[in-house]
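**Q** Those sequence lines, one after another, are chains Z and U.
If you count by my numbering, then the first sequence holds residues 1 to 117, one letter each, in order.
If you count by my numbering, then the second sequence holds residues 1 to 113, one letter each, in order.
Where a beta carbon is used, it is the ideal one built from N, C-alpha and C, also for glycine.
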Amino acid sequence: AQTVTQSQPEMSVQEAETVTLSCTYDTSESDYYLFWYKQPPSRQMILVIRQEAYKQQNATENRFSVNFQKAAKSFSLKISDSQLGDAAMYFCAYRSGPIYNFNKFYFGSGTKLNVKP
Amino acid sequence: NAGVTQTPKFRILKIGQSMTLQCTQDMNHNYMYWYRQDPGMGLKLIYYSVGAGITDKGEVPNGYNVSRSTTEDFPLRLELAAPSQTSVYFCASSYYPGNTEAFFGQGTRLTVV
Numbered sequence: 001a002q003t004v005t006q007s008q009p010e011m012s013v014q015e016a017e018t019v020t021l022s023c024t025y026d027t028s029e030s031d032y033y034l035f036w037y038k039q040p041p042s043r044q045m046i047l048v049i050r051q052e053a054y055k056q057q058n059a060t061e062n063r064f065s066v067n068f069q070k071a072a073k074s075f076s077l078k079i080s081d082s083q084l085g086d087a088a089m090y091f092c093a094y095r096s097g098p099i100y101n102f103n104k105f106y107f108g109s110g111t112k113l114n115v116k117p
Numbered sequence: 001n002a003g004v005t006q007t008p009k010f011r012i013l014k015i016g017q018s019m020t021l022q023c024t025q026d027m028n029h030n031y032m033y034w035y036r037q038d039p040g041m042g043l044k045l046i047y048y049s050v051g052a053g054i055t056d057k058g059e060v061p062n063g064y065n066v067s068r069s070t071t072e073d074f075p076l077r078l079e080l081a082a083p084s085q086t087s088v089y090f091c092a093s094s095y096y097p098g099n100t101e102a103f104f105g106q107g108t109r110l111t112v113v
């Protein structure tokens, strides 16, 4: 089974500053997808960003971007111009690609992000 | 769009009681999942289903049962509730093949006392 590791249980950032959340994963597969989910206090899991392993270009979604290092099996999330509404738990997730016929999602333990006004 | 709907949102059970967590999705997704979320532990897969009539165990299936009689519904049954089953439970669905993410319900906070 694949494993996903988030080594930062909690982080803090000043409003308007930039913060990077780390994620590493362990896999022998060559084709897979990586995701970052946000979980605010409402508990709802919200997709932040997605990266396909076959794409070399890092994904971006407005203030959110990733640094995908396939050889290092690293997938960090950068949040620019942090806002109070960014305060939440963030989960990194892994899913095998279609060639493996295996559609499970594996999640890291999460990073709690605090945003200071 | 309703997406994934879970009921109830909160529940308190006494040790030894049983209950069913309901989950339904309206996106015609073939895959459905049940996860539990314990503090500091991320999400652990309990059971999943690849389509109506097909289910399989995940990482932590003991104490739970599932069924999938239709594409839309994937209920989770807790038999003989134990304090170790106190957790937040999430139902999710996704479409396969494809690069789509998992879509989640709002979760059920279950306390066993």
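List the whole-angstrom C-beta distance separating Z:PHE105 from U:GLY42, where the pair is believed to meet the contact cut-off of C-beta under 8 Å.
**A** Between U:GLY42 and Z:PHE105 the Cβ distance is about 11 Å, and since that is not below 8 Å, they are no contact.
**Q** Between U:ALA82 and chain Z, is any beta-carbon pair separated by less than 8 Å?
**A** Not an interface residue.
**Q** Per DSSP, what are the beta-bridge partners of U:LEU78 in this structure?
**A** Partner(s): U:MET19 and U:TYR64.
**Q** Kindly identify the DSSP beta-bridge partner or partners of U:VAL112.
**A** According to DSSP, U:VAL112 bridges with U:LEU13.
**Q** Throw me the rounded Cβ distance for the Z:TYR25 and Z:PHE75 pair, which I believe falls under 8 Å.
**A** With 8 Å as the limit, Z:TYR25 and Z:PHE75 qualify as a contact, their Cβ atoms being about 7 Å apart.
**Q** On a Cα-Cα basis, can you pick out the residue from U:ASN28, U:PRO39, U:LYS14 and U:TYR64 that is closest to U:ALA52?
**A** Out of U:ASN28, U:PRO39, U:LYS14 and U:TYR64, U:ASN28 has the C-alpha closest to the C-alpha of U:ALA52.
**Q** Taking the alpha carbon of U:ALA2 as the reference point, which residue from U:GLU79, U:ASP26, U:PRO8 and U:ALA81 has its own alpha carbon closest?
**A** Considering only alpha carbons, the answer is U:ASP26.
**Q** Output yes if chain Z places a C-beta closer than 8 Å to the C-beta of U:GLU72; else output no.
**A** False, the Cβ-Cβ gap to chain Z never drops below 8 Å.
**Q** Going by other Cβ atoms of all chains shown within 10 Å of its Cβ, with 16 needed for buried, is U:GLY105 buried or exposed?
**A** When all chains shown are included, U:GLY105 counts as buried.
**Q** U:MET41 touches chain Z at which residues, Cβ-Cβ below 8 Å?
**A** Chain Z residues near U:MET41: SER109.
**Q** At a Cβ threshold of 8 Å, is Z:LEU47 touching chain U?
**A** With 8 Å as the cut-off, Z:LEU47 counts as an interface residue toward chain U.
**Q** Say whether the stretch 9-19 of chain Z touches the stretch 63-77 of chain U, bearing in mind that this needs 3 or more beta-carbon pairs closer than 8 Å, one atom from each stretch.
**A** Short answer: they don't touch.
**Q** Rounded to the nearest angstrom, how far is the Cβ of U:ALA81 from that of U:LEU13, given a contact under 8 Å?
**A** Going by Cβ atoms, the distance from U:ALA81 to U:LEU13 rounds to 4 Å, so yes, they are a contact pair.
**Q** Quick one: list the residues of chain Z neighbouring U:GLU101, beta-carbon separation under 7 Å, in chain order.
**A** Here the neighbours are PHE35, LEU47 and ARG50.
**Q** Let me check understanding here. Comparing Cα to Cα, which of U:VAL113, U:THR100 and U:GLY107 lies closest to Z:GLN51?
**A** That would be U:THR100, whose Cα lies nearest to the Cα of Z:GLN51.
**Q** Hey, is Z:PHE68's beta-carbon within less than 8 Å of any beta-carbon in chain U?
**A** Closer than 8 Å: no.
**Q** May I ask you to report which of helix, strand or coil DSSP gives U:GLN37?
**A** Three-state result, U:GLN37: strand.
**Q** Assuming Z:GLY97 and Z:GLU29 form a contact by the criterion Cβ under 8 Å, report the distance between their Cβ atoms to the nearest whole angstrom.
**A** With a Cβ gap of about 7 Å, Z:GLY97 and Z:GLU29 count as contacting.
**Q** With a cut-off of 8 Å on the beta carbons, I'd call Z:THR27 and Z:LYS73 a contact; round off their distance for me.
**A** Contact holds; Cβ gap of about 7 Å.
**Q** Tell me, to the nearest whole angstrom, how far the beta carbon of U:MET32 is from that of U:ARG68; I am working on the premise that it is less than 8 Å.
**A** Contact flag correct, Cβ pair sits at about 7 Å.
**Q** Just list the residues that DSSP pairs Z:GLU10 with in beta bridges.
**A** Per DSSP, Z:LYS112.
**Q** Output yes if chain U places a C-beta closer than 8 Å to the C-beta of Z:PHE64; else output no.
**A** It does not; no Cβ of chain U falls within 8 Å.
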